[in-house]
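A.B. asks: Here it is, the structure, as structure tokens.
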Amino acid sequence: MARIPQGFIDDLLARTDIVSVVESRVPLKKAGREYQACCPFHDEKTPSFTVSPAKQFYHCFGCGAHGTALSFLMEYERLEFREAVEALAGQAGMTIPEEARGAGPDADTQKPLFAVLEQAGRLYQNQLRHSPAAIDYLKSRGITGATAKAFGIGYAPDGWDFLRGQVRDRQAAITAGLLIEKDNGHAYDRFRDRIMFPIRDGRGRVIGFGGRALGDDPAKYLNSPETPLFHKGRSLYGLFEARQALREIPRMLLVEGYMDVVALAQHGFANAVATLGTATTAEHLNALFRATDEVVFCFDGDRAGRDAAWRALDNALPVMRGTRRARFLFLPEGEDPDSLVRQTDGTAELTRLIDASRSASQVLLDGLTQGLDMKDADGRSRLVEKARPFVTKLPPEAFKANLIREIARRSGLPAEDLDRLYREGAAAGGRRAPAEQRQRPVKFTPVRRALQLLMNDPRLADKLPIDIAALTQSGVAGADLLADGIEFFRASPHLPAAAWLEHWRDHEAGDALQRLAAETPRGEPDDLAREFRECVARALEGEKQHERERFQALMTKQQATSLTPDEAAEAQALLERLRRGPQA
């Protein structure tokens, strides 16, 4: 799908009032220049959720949720980014540009890939009807024709050129991972003699395949490779089918294989999905939590299954916000969801196991206390320290508070002391939680403070006589980000801070910027403007210190030996810049 032009998103946010968007879903009360409410993303009695009409930004000081009007719709309505854009555009009477709906450069490159994958899916499904061995295999696994059709299951015949001989666009088939190109330019089918499971995106389009070998191929399962459309770390098998089958999904079952998903759907569990030969990622979990509040991880009960569960738990903790819950189901030895559900009373047994699944905190604490003597002071101290990296990953709300209380109970320390111990450690490591930011002031660098001031009042950018290139090239941490912000607001003074934040949505700096935007600096406008200029000057002075150190190093070398022509030119340029002094 083509990317929506950033300029369109800028205009959309300029026409959108975040207060109206939030207030139509959450009752707001005026509080000075901002609005307040009890957070819709976690349970609380005292309002800690604020909405800033000036920044067009919301932030919860309790759970740390924050973002723009688009982010709010994505979290509250569980929408994908594009769906949120479409919803706001509809309210604003705007139409998404044609190039973003299928006629742009990205669409031009992706359209042939979707077409060849769709063609391959049809060919595989047609071949299934002509393969007694494939049909017998599916029947042996209890899969009916109706279920196979619902999931688009097919069959890739044995041989090297079934698909190659029929696809209309050979290069697209190579790019989509259906064909493998050899060094001599020839190509052959990637999938051969395999039951084929199409993997779909949120719109139901085929983006890749998983193939289960029927013969003696040592690779029992084979997935499509990473392509422009298919990314294992983001894609989930069966998510589209689950959302089609169920209007409301109270919980989602995360299993390990294609056949598990299909067999569970066959037996009434339409809420199952699977990762695609890779560990569960934060992107997987965010996609699942947009569809439901509870994810039940299903793992084998052996050591490998418990190791996989531990990795999944570690990835789940940072996204455990609000009403989100993670539970863990460990299957009886030798069983998987597919084999279990096909047994006599298997459906009832699996339902019982799901209901008895263990909470994330139980699994975490059992893992942390394994091998420790909790009757011994040293064992209790080791529990406190082993738990630290996991606790600091959690958003500061009910789940974290309850976990700390349980660690306190087992370790014999007061919960208040333990909470303070973890908070002080997090602050020392630069991981202070949003709620603590309100209680304890953050030590800002000049660049970070300048960024916060700029997002609070974008007009500051136009009042600053500064050489943008000097900031960009300074080497000071974050200076290039500050330069980008100044340049953006100079060019678009009418846009709110939210518009610039959306430019950094998928960038590693995006979350840090949103945390800075959460706080509103206090003071008179003139005083804040003066502080902004001083922060920028100090950032440039940091550059001067770096230049002075480099110039001194070159002079020391010159005294000891001699400079190369390039070094001599660098020294002369540094000397001239140092004589000019700060430029802001």
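Residue numbers 1 to 584, in the UniProt record's numbering, belong to the letters of the sequence shown in order.
Built from N, CA and C at the ideal position, the CB exists for glycine as well.
#1: If Q266 sits next to I143, beta carbons under 8 Å apart, how far is it from one beta carbon to the other, in whole angstroms?
#2: For Q6, count neighbouring C-beta atoms within 10 Å of its own C-beta (all shown protein chains included) and say buried if the count is 16 or more, exposed if not.
#3: Taking 8 Å as the cut-off, decide whether the C-beta atoms of A176 and L222 are in contact.
#4: Taking only three categories from DSSP, how would you classify M196?
#5: Check whether the Cβ atoms of G199 and Y137 sit closer than 8 Å, and answer yes or no.
#6: Taking contact to mean 3 or more Cβ pairs, one atom from each stretch, closer than 8 Å, check whether the stretch 179 to 191 and the stretch 228 to 240 are in contact.
#7: Please list, in chain order, all residues of the same chain as P332 whose beta carbon is under 7 Å from its beta carbon, the five residues on each side excluded.
#8: Let me check one thing: in DSSP terms, what residues is A213 bridge-paired to?
#9: Apart from the five residues just before and just after L128, which ones in its own chain have a Cβ nearer than 6 Å to its Cβ?
#10: Helix, strand or coil: how does DSSP classify C298 here?
#11: Are there 16 or more other CB atoms within 10 angstroms of the CB of T564, so buried, or fewer, so exposed?
#12: For the alpha helix (DSSP H) containing F289, list its first residue and its last residue.
#13: Should K55 and A408 be called a contact, given that it needs their Cβ atoms to be closer than 8 Å?
#14: On the three-state DSSP scale, how would you describe R306?
#15: Looking only at its own chain, which residues have a Cβ that is under 7 Å from the Cβ of R290, when we skip the five neighbours before and after it?
#16: Applying the 10 Å Cβ sphere with the 16-neighbour rule, what's the burial state of N271?
#17: Can you tell me whether DSSP reads G67 as helix, strand or coil?
#18: If I follow the unbroken beta strand (DSSP E) through K29, where does it start and stop?
#19: Using only the alpha-carbon positions, how far apart do D345 and A263 sit?
#20: Restricting to runs no shorter than 4 residues, where is the alpha helix (DSSP H) found entirely within the stretch 115 to 184?
#21: Out of curiosity, what's the CA-to-CA distance linking P318 and A401?
#22: Within the continuous alpha helix (DSSP H) that includes D189, where are the two ends?
#23: Between E75 and A65, is the Cβ-Cβ spacing less than 8 Å?
#24: Using 8 Å as the Cβ pair cut-off and three pairs as the minimum, do the stretch 247 to 256 and the stretch 212 to 231 touch?
#25: Is E333 helix, strand or coil by DSSP?
#26: So, G152 versus Q125, is the Cβ gap smaller than 8 Å?
#27: Let me make sure I understand the geometry here. Which of A120, R141, T520 and W504 has the alpha-carbon closest to that of L163?
#28: Put H503 into one of helix, strand or coil per three-state DSSP.
#29: Could you tell me which of E34, F230 and G268 sits nearest to A242, measuring between CA atoms?
#30: Taking just the CA atoms, how far does P493 sit from I4?
#31: Output the boundary residues of the beta strand (DSSP E) element that contains A34.
#32: Considering only residues of the same chain and omitting the five flanking positions on each side of T292, which have a CB-CB separation below 8 Å?
#33: Please classify D336 as buried or exposed, where buried requires at least 16 other C-beta atoms within 10 Å of its C-beta.
#34: CB G478 to CB R505, shorter than 8 Å?
#35: Please name the residue in L329, A150, L214 and E226 whose C-alpha comes closest to that of L178.
#36: Using the C-alpha atoms, what's the distance from T50 back to R33?
C.D. replies: Let me lay it out:
#1: By one-based count along the sequence shown, residue 266 stands at place 266. By one-based count along the sequence shown, residue 143 stands at place 143. Right, their Cβ atoms sit about 6 Å apart.
#2: As a working note, residue 6 is residue 6 in the sequence shown. Burial call: exposed.
#3: Walking along the sequence shown from the start, residue 176 turns up at place 176. Walking along the sequence shown from the start, residue 222 turns up at place 222. Going by C-beta atoms, A176 is not nearer than 8 Å to L222.
#4: Position 196 of the sequence shown, counted from the start, is the residue given in the question as residue 196. Three-state DSSP puts M196 in a strand.
#5: Position 199 of the sequence shown, counting from 1, holds the residue named residue 199. Position 137 of the sequence shown, counting from 1, holds the residue named residue 137. Checking the displayed sequence, the identity of residue 199 turns out to be Ile instead of Gly. Contact flag unset, no.
#6: no
#7: For this step, residue 332 is matched to residue 332 along the sequence shown. Contacts found: G301.
#8: In the sequence shown, residue 213 corresponds to position 213, counting from 1. Beta-bridge pairing links A213 to R194.
#9: Translated into the one-based positions of the sequence shown, residue 128 becomes position 128. These residues qualify, in order along the chain: A134, G154 and Y155.
#10: The residue given as residue 298 occupies position 298 in the sequence shown. C298: strand per DSSP, three-state reduction.
#11: Residue numbering aside, residue 564 sits at position 564 when the sequence shown is read from its first letter. When all chains shown are included, T564 counts as exposed.
#12: Position 289 of the sequence shown, counting from 1, holds the residue named residue 289. First-last of the alpha helix (DSSP H) with F289: A282 to F289.
#13: To locate residue 55, count along the sequence shown from 1; it is residue 55. To locate residue 408, count along the sequence shown from 1; it is residue 408. No, these two residues do not count as a Cβ contact at 8 Å.
#14: For the purposes of this step, residue 306 is identified with residue 306 of the sequence shown, where counting begins at 1. Here R306 sits in helix by DSSP.
#15: Position 290 of the sequence shown, counted from the first residue, corresponds to residue 290. Cβ within range, chain order: R78.
#16: For the purposes of this step, residue 271 is taken as the residue at position 271 of the sequence shown. Its Cβ being crowded by 16 or more others within 10 Å, N271 is buried.
#17: By one-based count along the sequence shown, residue 67 stands at place 67. Strand.
#18: Residue mapping note: residue 29 aligns to position 29 of the sequence shown, counting from 1. Per DSSP, the continuous beta strand (DSSP E) segment holding K29 begins and ends at K29 to A31.
#19: Taking the sequence shown and counting its residues from 1, one reaches residue 345 at position 345. Taking the sequence shown and counting its residues from 1, one reaches residue 263 at position 263. Each residue's alpha carbon lies about 15 Å from the other.
#20: 132 to 140, 145 to 150 and 170 to 175
#21: One-based indexing of the sequence shown puts residue 318 at position 318. One-based indexing of the sequence shown puts residue 401 at position 401. P318 and A401: Cα-Cα distance of roughly 14 Å.
#22: Indexing the sequence shown from 1 puts residue 189 at position 189. From DSSP, D189 is part of no alpha helix (DSSP H) but of the beta strand (DSSP E) over A187 to D189.
#23: Locating residue 75 in the sequence shown gives position 75, counting from the first residue. Locating residue 65 in the sequence shown gives position 65, counting from the first residue. Closer than 8 Å, so yes.
#24: no
#25: Position 333 of the sequence shown, counted from the start, is the residue given in the question as residue 333. In the structure shown, the three-state DSSP call for E333 is coil.
#26: Within the sequence shown, residue 152 is the residue found at index 152, counting from 1. Within the sequence shown, residue 125 is the residue found at index 125, counting from 1. A contact, by the Cβ cut-off of 8 Å.
#27: One-based indexing of the sequence shown puts residue 163 at position 163. Of A120, R141, T520 and W504, the residue nearest in Cα terms is A120.
#28: Within the sequence shown, the letter at position 503 stands for residue 503. Three-state DSSP puts H503 in a helix.
#29: By one-based count along the sequence shown, residue 242 stands at place 242. With distances taken between Cα atoms, A242 lies closest to G268.
#30: Taking the first residue of the sequence shown as position 1, residue 4 is located at position 4. Taking the first residue of the sequence shown as position 1, residue 493 is located at position 493. Looking at the two C-alpha atoms, the distance is approximately 22 Å.
#31: What you label residue 34 is simply residue 34 of the sequence shown in a count that begins at 1. Note that residue 34 corresponds to Glu in the displayed sequence, not to Ala. Counting along the chain, the beta strand (DSSP E) containing E34 begins and ends at E34 to A37.
#32: In the sequence shown, residue 292 corresponds to position 292, counting from 1. Hits under 8 Å: I249, P250, R251, M252 and N271.
#33: For the purposes of this step, residue 336 is taken as the residue at position 336 of the sequence shown. Buried, because 16 or more other Cβ atoms sit within 10 Å of the Cβ of D336.
#34: Numbered from its first residue, the sequence shown carries residue 478 at position 478. Numbered from its first residue, the sequence shown carries residue 505 at position 505. No; because the gap between Cβ atoms is not below 8 Å, this pair is not in contact.
#35: Taking the sequence shown and counting its residues from 1, the one referred to as residue 178 is at position 178. It is E226 whose Cα lies nearest to the Cα of L178.
#36: Mapped onto the sequence shown, residue 33 falls at position 33. Mapped onto the sequence shown, residue 50 falls at position 50. About 10 Å.
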